[in-house]
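Chemist:
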Amino acid sequence: MERSVIRLSHCQKEIFCFSVPEDCPSCGEVLRGNRLQEAPVSLPSPFTNGHKSSCCLLVAPAEFDGTSDLHTGISNTKVVYNYTRGGVLRDQSGWERCVSVPLVRPDMFHLLAQWDQYLDHFSDGSMWDPAWHFDEEHQNCFTYCLHFINSVLATEGRSSLSRETFTHSFILPRMRRVSKYTTLYDHIQRHQYYMVDRQEDIQDD
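If you want this note's numbering, it's the position in the sequence shown, counting the first as 1, plus 1267.
#1: Short of 8 Å in beta carbon distance, which residues of its chain neighbour Ile-1273, apart from the five on each side in sequence? Order them along the chain.
#2: Give the secondary structure of Gly-1354 by DSSP, where H, G and I count as helix, E and B as strand, and everything else as coil.
#3: Is it right to say Thr-1339 is buried, meaning 16 or more other beta carbons lie within 10 angstroms of its own, or is it exposed?
#4: Take Thr-1422 and list the residues in its own chain whose beta-carbon comes closer than 8 Å to its own, dropping the five residues that flank it on each side.
#5: Distance, Cα to Cα, Tyr-1411 vs Pro-1373?
#6: Do you know how far the Cα of Asp-1358 is from the Cα of Asn-1316?
#7: Under three-state DSSP, which class holds His-1388?
#8: Grab me the residues of Trp-1395's own chain with a C-beta within less than 7 Å of its C-beta, minus the 5 sequence neighbours each way, in chain order.
#9: Tell me Met-1462's beta-bridge partners as DSSP assigns them.
#10: May I ask which residues mark the beginning and end of the alpha helix (DSSP H) holding Cys-1408?
#11: Mind checking who Asn-1349 pairs with in its DSSP beta bridge?
#12: In angstroms with no decimal places, state the Cα-to-Cα distance between Tyr-1348 and Tyr-1460.
#13: Return yes when the Cβ of Pro-1369 is within less than 7 Å of the Cβ of Cys-1294, no when it is not.
#14: With which residues is Leu-1275 paired in a DSSP beta bridge?
#15: DSSP puts Ser-1367 in a beta bridge; with which residues?
#16: So, at 7 Å on beta carbons, what are the nonlocal neighbours of Val-1297 in its own chain, with the 5 sequence-adjacent residues on each side left out?
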């Protein structure tokens, strides 16, 4: 199970770790109670359980290491739909650690109510039939997701999104946050803590 990363401040340092150390790794002073400049803060993980995130685009590489291919899917209120060489799968498990991009505002009740129906009907379309050739470049899991998103936008009378626009506006900002978080997490695993000067502008995202 992934451990929570916490951030604490001491002797003009920002210290990131999994648990508050007995002594400050910078000055050696015992860290107890009010010796901390402020209460430790838990950093939110960029990962979520896709099976508990309805109406979202989900991104789930095998490993978030910058080398694995990304796999994408769309969640409804029960399962995750994703397109593979075998056609559209409806996964009830396997998306427990992924990055989620919400696609529907909480106040869009009419769309939330019809989401499952839209997704199921779309996924039964002939272009996702296994008889069609899955293509890594032009007919893949992301093509499926973007086509679905644009079909919903069309139903709502809104303009469609290009692959480039959607990627740069919604996918890349979240993947950059994942990259920062995993780099920090790996460093703490190896060295127990990560420390920077407090004057630096520390951003969680």
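We treat Cβ as the ideally placed atom computed from N, Cα and C, and that holds for glycine.
Modeler: In short, the structure shows the following:
#1: Hits under 8 Å: Phe-1283, Cys-1284, Phe-1285, Ser-1286, Val-1287, Pro-1307, Val-1308, Ser-1309 and Leu-1310.
#2: Strand at Gly-1354.
#3: Its Cβ being crowded by 16 or more others within 10 Å, Thr-1339 is buried.
#4: Residues of the same chain with a CB within less than 8 Å of the CB of Thr-1422, apart from the 5 flanking positions on each side, are Tyr-1385 in chain order.
#5: Computed Cα separation, rounded: 24 Å.
#6: About 13 Å.
#7: Correct three-state label for His-1388: helix.
#8: Within the same chain, Trp-1395 has close Cβ partners Tyr-1350, Gly-1354, Val-1355 and Tyr-1411.
#9: Beta-bridge pairing links Met-1462 to Ile-1282.
#10: Following the DSSP letters along the chain, one finds Cys-1408 inside the alpha helix (DSSP H) bounded by residues 1408 to 1422.
#11: BP columns for Asn-1349 point to Leu-1356.
#12: Just so you know, the alpha carbons of Tyr-1348 and Tyr-1460 end up roughly 39 Å apart.
#13: Pairing Cys-1294 with Pro-1369 gives a Cβ-Cβ distance that is not under 7 Å.
#14: Under DSSP, the beta-bridge partners assigned to Leu-1275 are Ile-1282.
#15: Paired residues: Leu-1325.
#16: For Val-1297, where only same-chain residues beyond five positions count, the Cβ hits under 7 Å are Glu-1289 and Asp-1290.
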